[in-house]
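In my numbering, the protein residues as written are 4 to 328. Cβ atoms here follow ideal geometry from the backbone N, Cα and C, with glycine treated the same way. Since the structure is predicted, the reported quantities are computational estimates derived from the model, not experimental observations. These notes concern the structure reproduced below.
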């Protein structure tokens, strides 16, 4: 077996745009669930709004790339408002159902022929990165070493994503140490007690939903920058992967979502390269494609073990997680 290729392909996911995008979206989910206690299962919808908002703005309306990103972020905020107004007074389980439905509505709207002129249906959108590429500060060439060798285009995708991730982490860190963040944590623990102190719980929840939604929309933009915006990418499985990332790293932590995204994608890459080779060399009595699907089973088992034995995640504090009391 080619262990060099296996470990090289695994290490490449350390700075992959998809890893950075998941880290951003999971950071937004941490604001929703880890700090505000909102059981949001519709983060895929926020990512879709951000990615499509950026792509449609640049392709259809010809705005500069940075304006398109601002539009995508504004779309995430507006979606948070429209989602929160009718749902934030629901109990946690009903809120989860409503957010799943909202994310699916968004995905199906991008598929419908009514908006085909702007979304291009199931084929999705592509060819919107010229403006972003023209802002690349790196001269043509090859950068890095080993599995982290990139062209100037690939390097700019990663550097920009890391800058956005650093801004999101700094924002969440500052907010959760502010009086606003302390009220939000109080709502997570006992919203009736916070309400008895005269705080508008609904307003705080709405603000948390919007802030986390904007960060999730930025994750959606980073997600589509290197390739294309395709509706099939925003299925419910995307949200469940984000929950795996969040619970793995730690829901009520600032750096947990980033650690969870790195571990999640490096583990997926490792198993995706190792298992087919094991099958090819006769160590597994199944075919290569079948071996690759085993990683989904292993990911599910890993998530079960994390929730059972360390529900606060790798970096989390068990005392902060209400669902483990």
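Exercise. Hey, out of 11, 23, 292, 37, whose CA is closest to residue 192's CA?
Worked result: 37
Problem set entry | Closest by C-alpha distance to residue 156, when choosing among 182, 190, 229 | 229
Exercise. How would you label residue 285, buried or exposed, when you count the other beta carbons within 10 angstroms and need 16 or more for buried?
Worked result: exposed
Exercise. Less than 7 Å between the CB of residue 119 and some heavy atom of the ligand MG, yes or no?
Worked result: Here there are no bound small molecules, and the ligand MG is not part of this structure.
Exercise. What's the call for residue 96, buried or exposed, on a 16-neighbour Cβ count within 10 Å?
Worked result: exposed
For this session: Give a yes or no on contact between the segment 240 to 250 and the segment 75 to 93, applying the rule of three or more CB pairs nearer than 8 Å.
Result: no
For this session: Give the single residue among 28, 194, 297, 197 whose Cα lies nearest to the Cα of residue 275.
Result: 297
For this session: Examine the Cβ distances between the segment 25 to 40 and the segment 178 to 198 and report whether three or more of them are shorter than 8 Å.
Result: yes
For this session: Answer yes or no: do residue 241 and residue 29 have a C-beta to C-beta separation smaller than 8 Å?
Result: no
For this session: With a threshold of 16 other CB atoms inside 10 Å of the CB of residue 166, please say whether the residue is buried or exposed.
Result: exposed
For this session: Evaluate contact between the segment 262 to 279 and the segment 206 to 216, counting only Cβ atoms and requiring at least three cross-stretch pairs below 8 Å.
Result: no
Problem set entry | Contacting residues, own chain, Cβ-Cβ under 6 Å from residue 11 (five flanking each side not counted) | 150
Exercise. In angstroms, rounded to a whole number, what distance separates the CA positions of residue 9 and residue 304?
Worked result: 22 Å
Problem set entry | Counted within 10 angstroms of its Cβ, other Cβ atoms place residue 319 as buried (16 or more) or exposed | buried
Problem set entry | Buried or exposed by the 16-neighbour rule on C-beta atoms within 10 Å, applied to residue 288 | exposed
Problem set entry | Coarse secondary structure for residue 261, derived from DSSP in three states | helix
Problem set entry | DSSP beta-bridge partners of residue 146 | 153
Exercise. Which residues in the same chain have their Cβ closer than 6 Å to the Cβ of residue 176, if we skip the five residues on either side of it in sequence?
Worked result: 257
Problem set entry | Cα-Cα separation, residue 160 to residue 49 | 21 Å
For this session: Quick one: give me the first and last residue of the alpha helix (DSSP H) that residue 51 is part of.
Result: 46 to 64
For this session: Following the continuous alpha helix (DSSP H) through residue 74, name the residue where it begins and the one where it ends.
Result: 68 to 90
Problem set entry | residue 10 - containing alpha helix (DSSP H), residue span | 6 to 15
Exercise. Going by the beta-carbon positions, is the gap between residue 21 and residue 268 smaller than 8 Å?
Worked result: yes
For this session: Determine, using beta carbons only, whether residue 264 and residue 13 come nearer to each other than 8 Å.
Result: no
Problem set entry | Stretch-stretch touch, CB-based, cutoff 8 Å, three pairs: the segment 130 to 148 with the segment 57 to 66 | yes
Problem set entry | Cβ neighbour criterion (16 or more within 10 Å) applied to residue 315 | buried
Exercise. Do you know offhand how far residue 235's Cα is from residue 109's?
Worked result: 12 Å
Exercise. Could you give the uninterrupted runs of the alpha helix (DSSP H) lying entirely in the segment 165 to 210, keeping only those of 4 residues or more?
Worked result: 182 to 199
Problem set entry | With 16 other Cβ atoms within 10 Å as the buried cut-off, status of residue 208 | buried
For this session: Please classify residue 314: does DSSP put it in a helix, a strand, or coil?
Result: coil
Exercise. Can you tell which of 310, 254, 164, 203 has its C-alpha closest to the C-alpha of residue 19?
Worked result: 164
For this session: For the alpha helix (DSSP H) holding residue 256, just list the boundary residues, first then last.
Result: No alpha helix (DSSP H) holds residue 256; DSSP gives it neither H nor E.
Problem set entry | Beta-carbon proximity list for residue 83, same chain, < 6 Å, skipping 5 on both sides | 212, 213, 216
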